[in-house]
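Undergrad:
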Amino acid sequence: MTMIDEKAAGPVFGHLIAGAERQGDRTFEVHNPSRTSEVVGVVADGTAADALAAVDSAASTAQEWAATPVAERAERLLRIADAIDAHAATLIDLATRENGSVVSTIRREVAAAAESFRLVAAYLPTVLEPSAAEGAAPGEFVRVERRPYGVVACIVPWNAPVLLTANKLAPAIAAGNAVVLKPSPFAPLAVSLLAGLAAAELPPGVVNVVNGDAEVVRALLADRRVRKVSFTGGGATARHIMRQASESLLPVHLELGGNDPAVVLEDADLAHTAERIALSAYRRAGQVCFATKRVYVPRSIAGEFRDLLVQVVDRMVVGDATDERADMGPVNNPGQFERVQALLDRTRAQGRDVRVLGSPLDPGTWADGYFLLPALVLDARHDDEVVREEQFGPILPVIECDDEEQAIALANDTDYGLCSSVWSRSPERALAVADRLEAGVTFVNSAMFSATGTREIPMGGWKQSGIGWEGSPHGIEEYLQFHSVDVQALPARGAA
Numbered sequence: 021m022t023m024i025d026e027k028a029a030g031p032v033f034g035h036l037i038a039g040a041e042r043q044g045d046r047t048f049e050v051h052n053p054s055r056t057s058e059v060v061g062v063v064a065d066g067t068a069a070d071a072l073a074a075v076d077s078a079a080s081t082a083q084e085w086a087a088t089p090v091a092e093r094a095e096r097l098l099r100i101a102d103a104i105d106a107h108a109a110t111l112i113d114l115a116t117r118e119n120g121s122v123v124s125t126i127r128r129e130v131a132a133a134a135e136s137f138r139l140v141a142a143y144l145p146t147v148l149e150p151s152a153a154e155g156a157a158p159g160e161f162v163r164v165e166r167r168p169y170g171v172v173a174c175i176v177p178w179n180a181p182v183l184l185t186a187n188k189l190a191p192a193i194a195a196g197n198a199v200v201l202k203p204s205p206f207a208p209l210a211v212s213l214l215a216g217l218a219a220a221e222l223p224p225g226v227v228n229v230v231n232g233d234a235e236v237v238r239a240l241l242a243d244r245r246v247r248k249v250s251f252t253g254g255g256a257t258a259r260h261i262m263r264q265a266s267e268s269l270l271p272v273h274l275e276l277g278g279n280d281p282a283v284v285l286e287d288a289d290l291a292h293t294a295e296r297i298a299l300s301a302y303r304r305a306g307q308v309c310f311a312t313k314r315v316y317v318p319r320s321i322a323g324e325f326r327d328l329l330v331q332v333v334d335r336m337v338v339g340d341a342t343d344e345r346a347d348m349g350p351v352n353n354p355g356q357f358e359r360v361q362a363l364l365d366r367t368r369a370q371g372r373d374v375r376v377l378g379s380p381l382d383p384g385t386w387a388d389g390y391f392l393l394p395a396l397v398l399d400a401r402h403d404d405e406v407v408r409e410e411q412f413g414p415i416l417p418v419i420e421c422d423d424e425e426q427a428i429a430l431a432n433d434t435d436y437g438l439c440s441s442v443w444s445r446s447p448e449r450a451l452a453v454a455d456r457l458e459a460g461v462t463f464v465n466s467a468m469f470s471a472t473g474t475r476e477i478p479m480g481g482w483k484q485s486g487i488g489w490e491g492s493p494h495g496i497e498e499y500l501q502f503h504s505v506d507v508q509a510l511p512a513r514g515a516a
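Take 21 as the starting number for the sequence shown in our numbering and just add one per residue.
#1: Could you name the residues of the same chain whose beta carbon sits closer than 7 Å to that of I37, not counting the 5 residues immediately before and after it, in chain order?
#2: Is it true that the CB of V418 sits closer than 7 Å to the CB of L392?
#3: Relative to the C-alpha of R345, which residue among A215, D382 and R263 is closest?
#4: My output table needs one value for A156: the three-state DSSP class, helix, strand or coil.
#5: Tell me the DSSP secondary structure of N179 in three-state form.
#6: Just the C-alpha distance for H503 and A86, rounded to the nearest angstrom, thanks.
#7: Which residues bound the beta strand (DSSP E) around H107?
#8: Going by C-alpha to C-alpha distance, which of A294, P281, R335 and I297 sits closest to S440?
#9: Between which residues of its own chain and W178 is the CB-CB distance below 7 Å, once the five residues before and five after are set aside?
#10: Ordered along the chain, which non-local residues of its own chain (more than five positions away) have a Cβ less than 8 Å from that of A256?
#11: Can you find the residues in the same chain that come closer than 8 Å, C-beta to C-beta, to T146, ignoring five residues on each side of it along the sequence?
#12: Could you have a look at T385 and say whether DSSP puts it in helix, strand or coil?
#13: Do L276 and A291 count as a contact pair if the criterion is CB distance below 7 Å?
#14: Can you list, in chain order, the stretches of the beta strand (DSSP E) that have 3 or more residues and sit fully within the segment 317 to 378?
#15: Can you tell me where the beta strand (DSSP E) with H503 in it begins and where it stops?
#16: Ordered along the chain, which non-local residues of its own chain (more than five positions away) have a Cβ less than 7 Å from that of A234?
#17: Between the alpha carbons of L430 and G371, how many angstroms are there, rounded?
#18: Using CA atoms only, rank isn't needed, just tell me which of V199, V226, N231 and A194 is closest to S212.
#19: What does D280 pair with, by DSSP beta-bridge criteria?
#20: Could you tell me if G159 is buried or exposed, where buried requires 16 or more neighbouring beta carbons within 10 angstroms of its beta carbon?
#21: Does the Cβ-Cβ distance between D388 and S57 come in under 7 Å?
#22: With DSSP run on the structure shown, which of helix, strand or coil describes Y302?
#23: Excluding the 5 residues flanking P318 on each side, which residues of the same chain have their C-beta closer than 8 Å to its C-beta?
#24: Could you tell me which of A242, L270 and Q264 sits nearest to K248, measuring between CA atoms?
#25: For G34, which residues of its own chain have a beta-carbon under 6 Å away from its beta-carbon, when the five flanking residues on both sides are left out?
#26: With H, G and I counted as helix, E and B as strand and the rest as coil, what does DSSP make of F391?
#27: What first and last residue would you give for the beta strand (DSSP E) that runs through H35?
#28: Report the start-end ranges of each alpha helix (DSSP H) in the segment 424 to 487 that is 4 residues or longer and not cut off at the edges.
#29: Just the Cα atoms here: how many angstroms apart are T47 and V200?
#30: Helix, strand or coil for L217? Go by DSSP, reduced to three states.
#31: Assign A512 to buried or exposed, taking buried as 16 or more other Cβ atoms, counted over all protein chains shown, within 10 Å of its Cβ.
#32: Find the nearest neighbour of A133 within the set K483, L98, R117 and G225, judged by alpha-carbon distance.
#33: Check whether the Cβ of G306 lies closer than 7 Å to any Cβ atom in chain B.
#34: Looking at C-alpha atoms only, which residue of L240, G339 and D404 is the closest neighbour of R368?
#35: Can you tell me which of R326, A322, T385 and Q83 puts its alpha carbon nearest to the alpha carbon of G196?
#36: Looking at the structure shown, is T67 part of a helix, part of a strand, or coil, going by DSSP?
Spelled out as structure tokens, the structure:
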């Protein structure tokens, strides 16, 4: 998938079209957010013509791939999973250096990506099993089956590029679709390698990659041969996609942001709660949709909880993402760096108690990276900007509330509905609160998925956090459409 150009600052990654690498006249560099002077790779910058060629490739093979037996498709998915395992070291290295999440997190991400392909292969036969029934009329027979869309465009983000690509690519191709992937310009390298590994186990054209920016996306959405688009990212971009998709009534699948609340009840194990909430909030420097973004805590225990949370966060070490000692790496790009700093400045200007905690692993290297220390806002109010909007950075506001009822009301008072969490020693009480929270996923005494959680359960959002689901058999169904066949018996010869 890559070629080495001795004149370039790093390996050159081309597009992948019809099973072959394709270069272009334009390129862009991908920099390491831990060491911004380091160019991790050089990438072909796609055009509308490249997008058209990728759709040509996908369309030419979609029908043949859809006709491939389910057992063969499942077997190819398993081979892709094995290829990911075999190339895990390279995927981990690329993703860590282009993304900025610490290497321990990326290591788990790559393993989870391989597991996504294996789980989809296991689910596939059941999902695609047609159903049959007798019709109401004598001799009538009804069969209901699921069929692929054909060509699907998948637009993936930079914040967990390997896993989020696998979570789209595995179910899309398993369902029998041909795919055009458009990675984020901030983290396209590991995605390109993963796609290349998948393409090597598939007929040419089933998996295609076009790097680039909005020009590529617009071209994909304008091509009537693209029958569905799946996007993970921010709400502003999603609105642009939906507006263009509406012109042809193109079906969209959206996995968007969250402003995920944690509701701490009076009987919570506060030490455990502080540890787990901090882990959720600052994982990937807060740049993950299902990270804890705000904490509601009863006034009666707020002081004790804040003290414990400060102690936990202050132990965190921030440094180069490739350093095994680092708890948190940099934010991904200069826009993120500036946006998070500006949000903290505005929060301070409100007079809020902002605590910047933790310590740098190697202060001498910070000038060359997008490093930020984890921050707590200890006296936030529900209507503050830092609470109402998704921070998508290493900031966590704590809001006092009067009681459980107010906490539930404030937790639900948002345009988002991705994840939430409840913290209590009583499973019954926690489940009663969880049942009232408006979110696609609610955790109890945790705020993050287990090793296989993102694949075993449906992952998606309510409200403005998305349309559709990823993970579990429901994730495969997003890339399928129903086809019903009603067969009626011919009347007997000579009958009226």
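Ideal Cβ positions, reconstructed from N, Cα and C, are used throughout, including at glycine.
Please read these numbers as outputs of a predicted model, since none were measured by experiment.
TA: Checking against the coordinates, here is how it stands:
#1: A73, A74, S77 and N228
#2: no
#3: D382
#4: coil
#5: coil
#6: 14 Å
#7: Here H107 belongs to no beta strand (DSSP E), and DSSP marks it neither H nor E.
#8: P281
#9: N119, S204, F206, A207 and N352
#10: none
#11: P493
#12: helix
#13: no
#14: 374 to 376
#15: L500 to V507
#16: none
#17: 22 Å
#18: N231
#19: T312
#20: exposed
#21: yes
#22: helix
#23: V284, L285, E286, E420, C421, D422, D423, E424 and A427
#24: L270
#25: E41, R42, Q43 and A64
#26: coil
#27: H35 to I37
#28: 424 to 432, 447 to 454 and 473 to 476
#29: 19 Å
#30: helix
#31: exposed
#32: L98
#33: Included in the structure is just one protein chain, with no chain B present.
#34: D404
#35: Q83
#36: coil
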